[in-house]
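In what follows, a structure is listed as structure tokens, so that the remarks can point back to it.
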Amino acid sequence: MSLSRQGTRQSILSWWSDRNPGLPGPTINLHAAAKPLSRFLYHRQALEIIRKNHGSPLSSATLEIYSSYFPWDYVSWSTKAAIMAELADSSVFEDNARVMVESPVFDHITQMLESPDAGTASAVLYLDLCVRLVSLLSDEHFEVIWGGNLRIMLATHESTASAILDLKLFVPLVSLLRDDDSQVIEWAIDALTQIARWSDGGRAIVDVKALNRILELLKYPSTKVQEWACKLVGTLASQESTAPVVLESKPCVPLVSLWRGFTLNHHLIEWVMDALTQIALRSDGAQAIVDAKALDHDFKILESPNAKVREWTCKLVGRLAIHESIVPAILEINPCVPLVSLLRDDNSKVIEWAIDALAQIARWSDGAQAVVYAKVMDHLSGLLESPNPDTRKNTCELLGRLATHESTVSVMLEMNLYVRLVSCLCDEHTEVLQKAMGALCGLARQVDGAQAIVSANATDHILILLESPHREWACDLVGSLARYASTAPAILELRPCVPLVSLLHDGSLKVVEWAIYALFQIARWPDGAKAIIDAKALVQILQLLESPSASVREWTCRLVGRLAIQNGMVSAILQLNLCVPLVSLMRDDNSECALSALTQIATSPDGAQAIIDVKVLQQVPALLESPRLSTRTLACILVTELASHQPTAPAILNLKLSSQLVALLLEPNVHVETRDTAILALEAICNWPDGVADLGDIRSDVFDRLEELGHNHLPHADVQLRTRRILDNLPQ
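In the numbering used here, the protein residues as written are 2 to 733.
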């Protein structure tokens, strides 16, 4: 039953006691005398209700009962605190939080928060146990403290955070940042930090001009307040919508000053580093950190006696190193040596983040060299055998970064680290296996690396991996190993085409894309192309040309073109009439890939005729005038192929393209590819009398240009020879 005053019949005692002016002599207020007893009874009643409902989902009825206690002054603060503690515990669950927001309780919390008693400034300590907190809180402060505590719980749920924003509850919270009581400020910042986790919440806090006060709190005499201020700055800096405003407020200088001034306060340094790490997400934020002279102090605390400080320093270094523009400033401090020394740290988290920092530095060529010079390679084999999966994962990532630089691959190969990477393909931890695959794929992009991987028997794992959650990486590795003549036989022996073709209808478009890439590389070799056809890949290819993914369509076009240039394969392509979808793709973002595939199909007479039949010729004049260099080049190649076959030459000659081709040669600063392919097309046209006649009408200045090209400006003898042939065919 809700707590409310019940109507009662007036008694003789009530009539006598309520200062009845008609009665002579002294009277007493019996209601006042009964208040201590009624407070006790209300408190006992509330505790019984809490006991019965504890652990059960909150209902509207229960919340209505709880809310009935809040408005009355004759209900003690300890009773209200007990209810608030129960609500705070219950609001951990989102369903309870949602019901709470829709109940009268929420309005009462808002009223409590908006009307704290500023006259009382007793310091109260926060204890985790609600009973202790209740015993310490003063009557005036419990509403602010518990209101803030419950507000934090509610703000952690997205569904209730919107209600908090709608009611603009962050406004009174911001005003509490100027409260005289540090405990009140702490809870206000904590609540605002939870609200700031949501993009709209962070934006709202920034819009009410709270940042200046938040930065002032970085100098507050309470280190707890300073810690929470750092956390709120970091949370706002992590949001894309509020990060620019945070950077405009220039928080890096006070944060770095705080860091230098409290080197012995490990907790505070952690929060400072966290805020700086969030700021460093953006390149301008990273630059602001460098400008604040953070790097002058950064690497000194890599030797801090506190493991958490060492860990967070490594995190900050890694975050800064993501930005290429910052790397020179980092390398100037020479951090790699102290970071490598941390690989022997007693704390596994420090080791993990030191490796991560080295991996981020190794993104860049100069950074990779610095990492190698710091003798990191001496540690990596042992780290790959670490019992900590995160250490193994980050070590694989570091090796993957080093594998992308030609200058460091040789060191990896000399130390046989690829053997340990291959052994990680059996790791029971998914992330370790995935990072090992990534490192091997990077290594396989160089022929020496590919040969080393095959020699370490990595191919023994491939068929299993093609059916695993890591099939995307497995496809990448297959494709990389299939690129080279020295390693392709090891791939073809596995007969991977059937499982790869089955992946062409995988639910993940990224897997599909990488499966096509692997098939594309296999199709370099005649045996590979035949295996792809035998695996019924062309049926899938027809569907993939209509994929919603532009990248999938692009790689499919490349695969079709690669298959078309292998002897005997074009007939299989023509049977499925693939030229039709290729021509349709010339009108979208994949126009160049489709055009490239058509030029490769046109290398055979049957393919050239099929292209004529699908009426692609009507697009050729426009393609020759495309603003894109690559499109003009491909159009010249297509003209060359179509003009080279006797059955299709008349169709291309009827277009009278000579003037357009010559115009390409006359362009100022003509690109060498355009020039060379235009000459190829003109030569093919000049092999036919009608083509010679068309070209014979050219102006004398064009003839002079061809003469000039034929004698002076062509670096390749074969192209120079072709130019002379064109001139020889022209009437003098």
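Idealized CB from N, CA, C, for every residue including glycine.
Predicted model, so just to flag it, every value in this text is computed and none were measured.
| task | Tell me, to the nearest whole angstrom, how far the beta carbon of Thr488 is from that of Val455; I am working on the premise that it is less than 8 Å. | result | The residue labelled residue 488 in the question sits at position 487 within the sequence shown. The residue labelled residue 455 in the question sits at position 454 within the sequence shown. Contact holds; Cβ gap of about 5 Å.
| said: Would Leu303 and Leu343 qualify as a contact pair, given that the criterion is a beta-carbon distance under 8 Å? | reply: Taking the first residue of the sequence shown as 1, we reach residue 303 at position 302. Taking the first residue of the sequence shown as 1, we reach residue 343 at position 342. It is a contact, given that the beta carbons lie within the stated cut-off.
| Fully enclosed by the segment 616-698, which alpha helix (DSSP H) runs are 4 residues long or longer? | 621-625, 630-645, 650-654, 659-667, 673-687, 690-697
| task | Tell me where the alpha helix (DSSP H) around Ile613 begins and ends. | result | By 1-based counting over the sequence shown, the position of residue 613 is 612. Unbroken alpha helix (DSSP H) run through Ile613: 606-614.
| query | What's the C-alpha gap between Trp229 and Trp354? | reply | Sequence index remark: in the sequence shown, residue 229 carries index 228 (1-based). Sequence index remark: in the sequence shown, residue 354 carries index 353 (1-based). Each residue's alpha carbon lies about 24 Å from the other.
| When the Cα atoms are used, what is the spatial distance from Lys511 to Ile517? | The residue you call residue 511 lines up with position 510 of the sequence shown. The residue you call residue 517 lines up with position 516 of the sequence shown. Answer to the nearest angstrom: the Cα atoms are 10 Å apart.
| With distances taken between CB atoms, is the gap from Glu593 to Ser550 smaller than 8 Å? | Translated into positions along the sequence shown, residue 593 becomes position 592. Translated into positions along the sequence shown, residue 550 becomes position 549. Not a contact, by the Cβ cut-off of 8 Å.
| So Ala483 and Gly529 are in contact, right, with Cβ under 8 Å, and what is the actual spacing, rounded? | For the purposes of this step, residue 483 is taken as the residue at position 482 of the sequence shown. For the purposes of this step, residue 529 is taken as the residue at position 528 of the sequence shown. With a Cβ gap of about 7 Å, Ala483 and Gly529 count as contacting.
| said: Mapping the DSSP letters down to three states, classify His380 as helix, strand or coil. | reply: Residue 380 sits at position 379 when you count from the first residue of the sequence shown. Helix.
| task | With a 10 Å radius around its C-beta and 16 neighbouring C-beta atoms as the bar for buried, classify Ile55 as buried or exposed. | result | In the sequence shown, residue 55 corresponds to position 54, counting from 1. The sequence shown places His at residue 55, rather than the Ile named in the question. Exposed: under 16 other Cβ atoms inside 10 Å.
| request: Evaluate Ile686 with the Cβ neighbour count: other Cβ atoms within 10 Å of its Cβ, from every protein chain shown; 16 or more gives buried, anything less gives exposed. | output: Residue 686 sits at position 685 when you count from the first residue of the sequence shown. Flag for Ile686 reads buried.
| request: Determine the burial state of Glu547: buried for a count of at least 16 other Cβ atoms within 10 Å of its Cβ, exposed for fewer. | output: Translated into the one-based positions of the sequence shown, residue 547 becomes position 546. Exposed, since its Cβ has fewer than 16 Cβ neighbours within 10 Å.
| message | I'd like to know whether the C-beta atoms of Val799 and Thr409 end up nearer to each other than 8 Å. | response | In the structure as shown, the chain begins at 2 and stops at 733. Residue 799 is therefore absent and cannot be evaluated.
| message | Let's test the definition: count the other Cβ atoms within 10 Å of the Cβ of Val351 and tell me whether it reaches 16, buried, or not, exposed. | response | Mapped onto the sequence shown, residue 351 falls at position 350. It counts as buried.
| query | Can you list, in chain order, the residues of its chain whose CB lies under 6 Å from that of Ala293, leaving out five sequence neighbours each side? | reply | Numbered from 1 along the sequence shown, position 292 holds the residue referred to as residue 293. The residues are Cys253, Val254, Val257.
| task | Please list, in chain order, all residues of the same chain as Asp96 whose beta carbon is under 7 Å from its beta carbon, the five residues on each side excluded. | result | Here residue 96 corresponds to residue number 95 of the sequence shown, with the count starting at 1. The residues are Pro58.
| said: List, from N- to C-terminal side, the alpha helix (DSSP H) runs of 4 residues or more that fit wholly inside the segment 217-242. | reply: 224-239
| Beta carbon of Thr431, beta carbon of Pro470: below 8 Å? | Position 430 of the sequence shown holds residue 431. Position 469 of the sequence shown holds residue 470. Closer than 8 Å, so yes.
| said: As a quick exercise: from Asp346, Val310, Gly286, Arg345, pick the residue whose alpha carbon is nearest that of Ile323. | reply: One-based indexing of the sequence shown puts residue 323 at position 322. That would be Gly286, whose Cα lies nearest to the Cα of Ile323.
| request: Please state whether DSSP places Gln601 in a helix, a strand or coil. | output: Working through the sequence shown from its first residue, we reach residue 601 at position 600. DSSP places Gln601 in helix when its eight states are reduced to three.
| When the distance is taken between beta carbons, is Cys476 closer than 8 Å to Leu501? | Position 500 of the sequence shown, counting from 1, holds the residue named residue 501. Position 475 of the sequence shown, counting from 1, holds the residue named residue 476. The answer is yes: Cβ separation under 8 Å.
| task | Please check the pair Ala652 and Leu618, which I expect to be a contact at CB under 8 Å, by giving their CB distance rounded to whole angstroms. | result | Within the sequence shown, the letter at position 651 stands for residue 652. Within the sequence shown, the letter at position 617 stands for residue 618. Sure, about 6 Å apart at Cβ, within 8 Å.
| message | Taking its Cβ as the centre, do 16 or more other Cβ atoms sit within 10 Å of Leu42, making it buried, or is it exposed? | response | Along the sequence shown, one-based indexing puts residue 42 at 41. Flag for Leu42 reads exposed.
| request: Express the C-alpha separation of Val291 and Glu333 in angstroms, rounding to a whole number. | output: Counted from its first residue, the sequence shown places residue 333 at position 332. Counted from its first residue, the sequence shown places residue 291 at position 290. Distance between the alpha carbons of Glu333 and Val291: 12 Å.
| said: Quick check on Ala609: buried or exposed, where buried means 16 or more other Cβ atoms within 10 Å of its Cβ? | reply: One-based indexing of the sequence shown puts residue 609 at position 608. Buried, because 16 or more other Cβ atoms sit within 10 Å of the Cβ of Ala609.
| field | Inter-residue CB distance, Leu599 and Val621 (contact presumed, cutoff 8 Å) | value | Against the sequence shown, residue 599 aligns to sequence position 598. Against the sequence shown, residue 621 aligns to sequence position 620. Incorrect: roughly 11 Å between the Cβ atoms, too far for contact.
| request: For Ser645, collect the residues of the same chain with a Cβ closer than 6 Å to its Cβ; drop the 5 residues on either side in sequence, then sort them by chain order. | output: Within the sequence shown, numbered from 1, the residue matching residue 645 stands at position 644. For Ser645, where only same-chain residues beyond five positions count, the Cβ hits under 6 Å are Ala685.
| message | Which complete alpha helix (DSSP H) runs does the segment 440-502 hold, if anything under 4 residues is left out? | response | 448-456, 463-466, 472-483, 489-493
| Less than 8 Å separating the beta-carbons of Leu740 and Leu560? | Limits of the chain in this structure are 2 at one end and 733 at the other, which puts residue 740 out of reach.
| said: Quick check on Ile190: buried or exposed, where buried means 16 or more other Cβ atoms within 10 Å of its Cβ? | reply: Residue numbering aside, residue 190 sits at position 189 when the sequence shown is read from its first letter. Result: buried.
| field | Environment of Asn458 [buried if 16+ CB atoms lie within 10 Å] | value | Within the sequence shown, residue 458 is the residue found at index 457, counting from 1. Exposed, since its Cβ has fewer than 16 Cβ neighbours within 10 Å.
| field | Option in His44, Leu579, Ser627 with minimal Cα separation from Gln541 | value | Taking the first residue of the sequence shown as 1, we reach residue 541 at position 540. The candidate whose alpha carbon is nearest that of Gln541 is Leu579.
| Delimiting residues of the alpha helix (DSSP H) encompassing Tyr70 | The residue given as residue 70 occupies position 69 in the sequence shown. Run containing Tyr70: none; DSSP gives neither H nor E here.
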